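What follows is one structure encoded as structure tokens, with my remarks underneath.
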Amino acid sequence: MDADATQIMTRTGEFTGMAPEGPPPWEAIARDRLNGALQRFAKPLAELVARDANEGDTRLLVTDFLSDALNYSKYGELTTEYRTKGESVDYGIVLDDKLFALIEVKPCGRDLDVRNLRQVKAQAAELGTPWVILTNGCAWQVHHLPEGDPAASALIIDVDLRAEDRRAHTVDTLFHLSREAVRNGRLDDLRAWRAALAPARLAEVLGSASVVAAIRAEMRRATGHAGHLGDSDEILAALRSDVVARGLLG
């Protein structure tokens with residue numbers, strides 16, 4: 000395992016509460032494979048961009064990346080058979096005989112935009128799958144449609160394979176789309192984390208008794224004040240009136 004992959008897993012372990020021995024073997028393998036694939040695909044991807052390759056050529060690279068980097072079987076789990084109301088879908092990913100996600104591929108020289116997403120989200124809703132992947136080979140976006148509702152979709156993953164200076168971030172984020180991570184519930188865990196960062200959810204956490212107690216302890220340490228009756232209520236009142244947007248804290 001190379002140094003980059005080891006550093007990525009060390010940082011991940013630090014923030015996810017993993018045991019001292021590190022991530023489970025399947026995760027180490029998936030991260031190492033993805034890290035190596037990013038290095039191997041850098042040159043062919045740059046060549047596609049340089050010659051402004053068409054959608055068909057971009058699709059060839061995407062197929063290889065899905066197989067070699069993310070570990071989906073080209074012949075058993077990637078399918079082009081899905082059509083909705085006459086519209087073709089570039090790919091479907093099928094896991095355990097169930098459609099997991101739709102993939103829309105655009106030419107590598109074209110930016111991803113809402114028009115691309117609107118079409119594939121409608122197709123996903125029609126087929127009853129909650130996951131949509133939009134890519135031009137360089138940028139990869141993963142969107143979730145709660146209960147198949149296109150209007151309520153949320154962006155869960157957004158990375159660019161060309162960002163060499165963000166390689167660790169790309170591996171750590173895109174790992175959640177790997178076959179192993181999906182099967183072990185890690186993509187759903189990331190979706191839940193993203194949802195928890197919504198302003199209302201964060202405001203709820205900030206107003207919780209444990210957080211107010213932690214703030215009180217830190218403020219006492221910083222000021223030397225021993226505390227007084229009602230200091231927790233004062234902190235909560237300050238959060239409500241001056242820190243958190245009005246209406247978010249009850």
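To convert, note that position 191 of the sequence shown is 190 in numbering that gives the first Met the number 0; the numbers rise steadily by one, no gaps. Yeah, the Cβ is synthetic: ideal placement off N, Cα and C, and Gly gets one too. If you're wondering where the values come from, they're calculated on a predicted model, not measured in any experiment.
When DSSP labels each residue in this structure, what does residue i get in the three-state scheme?
i, result
"residue 250", "A question about residue 250 goes unanswered here, because the residues of the chain that appear run from 0 up to 249."
"residue 63", "helix"
"residue 102", "strand"
"residue 234", "helix"
"residue 141", "strand"
"residue 48", "helix"
"residue 172", "helix"
"residue 160", "coil"
"residue 153", "strand"
"residue 94", "strand"
"residue 7", "Because the pLDDT at residue 7 is just 46, under 50, the model does not fix this residue reliably, and the point stays unresolved."
Suppose you measure from the CA of residue i to the CA of residue j; what does that come to, to the nearest Å?
i, j, result
"residue 119", "residue 50", "27 Å"
"residue 89", "residue 101", "8 Å"
"residue 91", "residue 200", "33 Å"
"residue 27", "residue 36", "14 Å"
"residue 217", "residue 223", "10 Å"
"residue 13", "residue 244", "Note that residue 13 scores a pLDDT of 43, beneath 50, so its modelled location is shaky; the value from the coordinates is reported in the next line. Their backbone Cα atoms lie some 31 Å apart in a straight line."
Using alpha carbons as the reference points, say which of the options lies closest to residue i.
i, options, result
"residue 94", "215, 179 and 191", "179"
"residue 25", "240, 181 and 190", "181"
"residue 104", "73, 56 and 123", "56"
"residue 165", "67, 73, 38 and 29", "38"
"residue 41", "68, 241, 28 and 185", "68"
Using the beta-carbon count (16 or more within 10 Å), is residue i buried or exposed?
i, result
"residue 171", "buried"
"residue 229", "exposed"
"residue 129", "buried"
"residue 4", "Because the pLDDT at residue 4 is just 46, under 50, the model does not fix this residue reliably, and the value given afterwards should be weighed accordingly. Per the 10 Å Cβ criterion, buried."
"residue 145", "exposed"
"residue 202", "buried"
"residue 22", "buried"
"residue 47", "buried"
"residue 213", "exposed"
Do residue i and residue j have their C-beta atoms within less than 7 Å of each other?
i, j, result
"residue 149", "residue 121", "yes"
"residue 111", "residue 133", "yes"
"residue 159", "residue 140", "no"
"residue 250", "residue 70", "Nothing about residue 250 can be read from this structure; the chain reaches only from 0 to 249."
"residue 142", "residue 152", "yes"
"residue 137", "residue 161", "yes"
"residue 215", "residue 234", "yes"
"residue 238", "residue 205", "yes"
"residue 108", "residue 127", "no"
"residue 174", "residue 33", "yes"
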